[in-house]
Amino acid sequence: MQRLPVPPPPSPLCPPRIRRSWEATPTKDQDLFVQAVALAMDRGFHQLFVDIHAETLGEAHDSCVFLLWHRKFILGYENMLRSLGRRFACVTLPYFDYIQHNLNYLHGKCTSLESCSPFLTGLGGSTSGHLSSQPLAGFAFSHFKCVDAFPASHACAVPGSDCMRCIPRGAWTRTYFNSTALSFTSIKRVLFDADDGMTALSLRIERSPHDVFHFTLSAALANFVVAALDPVFYGHHATIDILAAIHHRCRVRPLKLTKEQAKLHPGNFQGCVINNTMVVKATSPVGLRLPVDGVPTSVDEYAVTRPWFQHVPLTYGDIVDTTNLGVHSYRYNLTGLLGTLYSHCDHAGMNHTANMELQANSEDYEDDDQHVVMDVADVDSLTFLAWRYDVLVQARAQGLDDADADDEMDKMVVMVYEHCLPGTHSEYPEDFKAMWKIQGGEPSKAMLDGVLSGATPIRIQGWAGLNQRYFGCSGEVEALVVS
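To convert, note that position 397 of the sequence shown is 397 in the UniProt record's numbering; the numbers rise steadily by one, no gaps.
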């Protein structure tokens, strides 16, 4: 690895660190973030995080610490951007609110992954570029367009060499947003499963929505060795981090534990053995490493990366709460359906009054030092929540419990995606499953197959009529597909 100059000392104090969705981020701050990413690429700092993500010894993926490992990883990246100069001193990572974007797709407000996602277009989109045979970390992406729009035009896999100045991206304008794994109902089911332990939660979130979205984004983002080269990666993982924060607020914070109690609570941390050799405990250091002269070296020991992680808690047990990280504490500004999940936990989307009140003079809601939540106010979200309530009423009338109702809603939506909207559900290819250590299949495809085969039929009586009333299409097999 080329030795890089040590970054400058931290800039003056900033206001409290609050991460916002790309849409809620002011335009000047969006521009500042993209400029910071480009400068980080120019200086070779961005590539260091690609190297860290590839040098994990098994901790980053398919492990009990998937969520916490990535929490420290993206926090270090955010700190790196802040170190680039005084004008970047208070920059924050935007999060990619694909839960809301997925709803926009469901309501026909957009037709593709890119047209539904301002975050993707803000980072250069997928249309400007060329085919390239130049490999990345030994992997070929010759059948994908290497996008050269800003800031991808500054990308450099090996700083100081003949840079690609582009990033391989999928055909996002022709990619459909049709996996229910990215929807409110599916994510709610992942968050509030009966098994509340952190190990089970980490695995559920990693498999869905995490893996699903890497697969959907395709190209470099579908390859974990080079995925972190694309700045879209950091917005995606900020959203994954939000899901962990929601679980903490709903399952752990009400217990009012001390910091020492919290780090050992199974809802915050559960240890495991990685690769049959490495025992990971709450007191274990977060294993962020990169190769320096061929030797895996901790980010806390390498002179270039050390300032970005200085005073960030060292151990897994100490990073379980984003609002309790000392000078590096941060919060999220949660809008729309993510805010509903944070505020209402298991009851999100289950209460008619709370869901349907449109408060014209709504104000930000703050839970002490916790995350900022904005009221749901857009018509599409309110319509979706009204659909959920009507399905819930029918489910209860049939003797189904609320968890069963959520399951049935997921099936009803997957039928709308398959039979009313463009595209079709597809299975993971074997090479993707092998790289990400996925044992099962794409969850939405498996759900759809179960419904169509009759193995797991939709149990809600009159489900097609409810879909027709709220989405303008029943989702039945003979439904007309929108072109």
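The beta carbon of each residue, even a glycine, is placed where N, CA and C say it ideally should be.
- Looking at the DSSP output, Lys145 shares a beta bridge with Leu131, Arg169.
- The straight-line gap separating the alpha-carbon atoms of Leu221 and Thr283 is approximately 31 Å.
- In this structure, Thr175 is the residue among Ala155, Thr175, His70, Thr127 with its C-alpha nearest to the C-alpha of Thr111.
- In this model, Thr92 and Leu39 are separated by some 15 Å (Cα to Cα).
- Within the segment 237-298, complete alpha helix (DSSP H) segments of at least 4 residues are found at 259-264, given in chain order.
- Across the structure, Tyr342 and Val373 are spaced so that their CA atoms are roughly 8 Å apart.
- Listed in chain order, the non-local C-beta contacts of Leu314 below 6 Å within the same chain comprise Pro285, local neighbours out to five positions each way being set aside.
- Cα atoms of Thr180 and Leu385: separation of roughly 16 Å, rounded to the nearest angstrom.
- Shown here, Tyr95 sits in a strand according to DSSP, grouped into three states.
- In this structure Arg331 does not touch Thr340 by the C-beta definition: roughly 17 Å separates them, more than the 8 Å allowed.
- Between Gly170 and Ala149, the gap from beta carbon to beta carbon reaches 8 Å or more.
- Of the residues Arg251, Gln468, Pro15, Ala377, the one whose Cα lies closest to the Cα of Arg82 is Pro15.
- Every unbroken stretch of the alpha helix (DSSP H) spanning 4 or more residues and falling wholly within the segment 295-352 is given here in chain order: 306-309, 336-344.
- The three-state reading of DSSP puts Phe177 in coil, since its state is none of H, G, I, E or B.
- Glu260 sits exposed, since fewer than 16 C-beta atoms from the chains shown fall within 10 Å of its C-beta.
- Rounded to whole angstroms, the Cβ separation of Ile99 and Leu182 is 7 Å, and the two are in contact under 8 Å.
- Along the segment 40-110, the beta strand (DSSP E) does not occur as any fully enclosed run of 3 or more residues.
- Gln394 is not a Cβ neighbour of Gly472, given a cutoff of 8 Å.
- In this structure, the straight-line span from the alpha carbon of Phe141 to that of Gly441 is close to 23 Å.
- Across the structure, Pro291 and Val225 are spaced so that their CA atoms are roughly 14 Å apart.
- Only residues of its own chain outside the window of five on either side were considered, and among them Tyr342, His371, Val373 have a CB closer than 6 Å to the CB of Leu334, listed in chain order.
- The alpha carbon of Ser21 has as its nearest neighbour, out of Tyr302, Gly235, Asp401, Val299, the alpha carbon of Gly235.
- Per the Cβ contact rule, the segment 39-48 is in contact with the segment 156-167 (3 or more Cβ pairs under 8 Å).
- With a threshold of 16 other beta carbon atoms within 10 Å, Thr25 meets it and is buried.
- Ranked by how close their Cα comes to the Cα of Pro429, the residues Val212, Phe66, Phe144, Gln35 have Val212 in first place.
- Uninterrupted beta strand (DSSP E) stretches at least 3 residues long and entirely within the segment 381-406 do not occur.
- The count of Cβ pairs closer than 8 Å, one atom from the segment 432-439 and one from the segment 122-138, stays below three, leaving the stretches out of contact.
- Taking C-beta atoms as the reference points, Met412 and Ile460 count as a pair closer than 8 Å.
- Rounded to whole angstroms, the separation of the alpha carbons of Leu13 and Gly336 is 30 Å.
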